[in-house]
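Peer 1:
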Amino acid sequence: MDVIHKIGRRKTAVARVYVAQGKGNITINKKDLADYFTTATLQYKVKQPLALTNNDGNFDITVNVYGGGITGQAEAVRLAISRALCEVDAENRAILKPEGLLTRDPRMVERKKFGQKKARKKFQFSKR
Numbered sequence: 006m007d008v009i010h011k012i013g014r015r016k017t018a019v020a021r022v023y024v025a026q027g028k029g030n031i032t033i034n035k036k037d038l039a040d041y042f043t044t045a046t047l048q049y050k051v052k053q054p055l056a057l058t059n060n061d062g063n064f065d066i067t068v069n070v071y072g073g074g075i076t077g078q079a080e081a082v083r084l085a086i087s088r089a090l091c092e093v094d095a096e097n098r099a100i101l102k103p104e105g106l107l108t109r110d111p112r113m114v115e116r117k118k119f120g121q122k123k124a125r126k127k128f129q130f131s132k133r
């Protein structure tokens with residue numbers, strides 16, 4: 006098996022994932038998974054597609070991720086890994102699809118409107 010390259014996106018985060026046969030090492034921006042995503046919740050999100058398909062120690066994964074916040078980056082990595090696992094074995098699609106791991110979350114930050122404090126919040130109106 007050669008290296009599989011897939012892209013995942015969430016909000017403004019973009020993750021490029023390279024999956025190759027290996028021992029289960031996950032490297033994100035040249036750091037270990039535990040060093041980059043320090044909380045257990047984010048580590049779980051990244052490993053979720055591997056755990057569901059029973060591929061925990063089968064692949065070495067290298068990730069380049071940029072943009073957005075830490076949670077958006079973790080979810081972008083999760084989408085990219087899910088897409089790569091579907092290319093490895095077509096049967097993985099039937100496992101990952103019902104869990105919603107192959108769906109690109111389209112929600113983005115709404116833009117701020119002029120004459121307002123934020124996207125929806127207005128300036129306080131005071132009647133004196």
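Per the numbering used here, the very first residue in the sequence shown carries number 6; after that it's consecutive.
All C-beta atoms in this analysis are idealised placements derived from N, C-alpha and C, irrespective of residue type, glycine included.
In this text the structure is predicted, and so the values were computed from the model without any measurement.
1) What residues in its chain sit with their C-beta under 8 Å from that of residue 7, if we drop five residues either side in the sequence?
2) Can you give the Cα-Cα distance for residue 42 and residue 82, rounded to whole angstroms?
3) Compute the Euclidean distance between the alpha carbons of residue 131 and residue 114, then round it to the nearest angstrom.
4) Among 61, 47 and 38, whose alpha-carbon lies nearest the alpha-carbon of residue 90?
5) Give a yes or no on whether the C-beta atoms belonging to residue 29 and residue 84 are separated by under 9 Å.
6) On a CA-only basis, which of 105, 101, 92 and 49 is nearest residue 76? Give me that one, please.
7) Per DSSP, what are the beta-bridge partners of residue 14 in this structure?
8) Is it buried or exposed for residue 129, if we count other Cβ within 10 angstroms and need 16 for buried?
9) For residue 119, does the count of other Cβ atoms within 10 angstroms reach 16, so buried, or fall short, so exposed?
10) Which residues in the same chain as residue 87 place their Cβ atom closer than 7 Å to its Cβ, once the five residues preceding and following it in sequence are excluded?
11) Could you tell me how far apart the beta carbons of residue 110 and residue 80 are, in whole angstroms, since I believe they sit closer than 8 Å?
Peer 2: Let me spell this out:
1) Only 25 meet the Cβ criterion.
2) A direct Cα-Cα distance of roughly 11 Å separates residue 42 from residue 82.
3) The alpha-carbon atoms of residue 131 and residue 114 are separated by roughly 29 Å.
4) Nearest option by C-alpha distance: 61.
5) No, the Cβ-Cβ distance between residue 29 and residue 84 is not below 9 Å.
6) The shortest C-alpha separation from residue 76 is found at 49.
7) In the DSSP output, where bridge partners are listed per residue, residue 14 has 19.
8) When all chains shown are included, residue 129 counts as exposed.
9) By the 10 Å Cβ count, residue 119 comes out exposed.
10) Hits under 7 Å: 54, 101, 106 and 107.
11) Going by Cβ atoms, the distance from residue 110 to residue 80 rounds to 7 Å, so yes, they are a contact pair.
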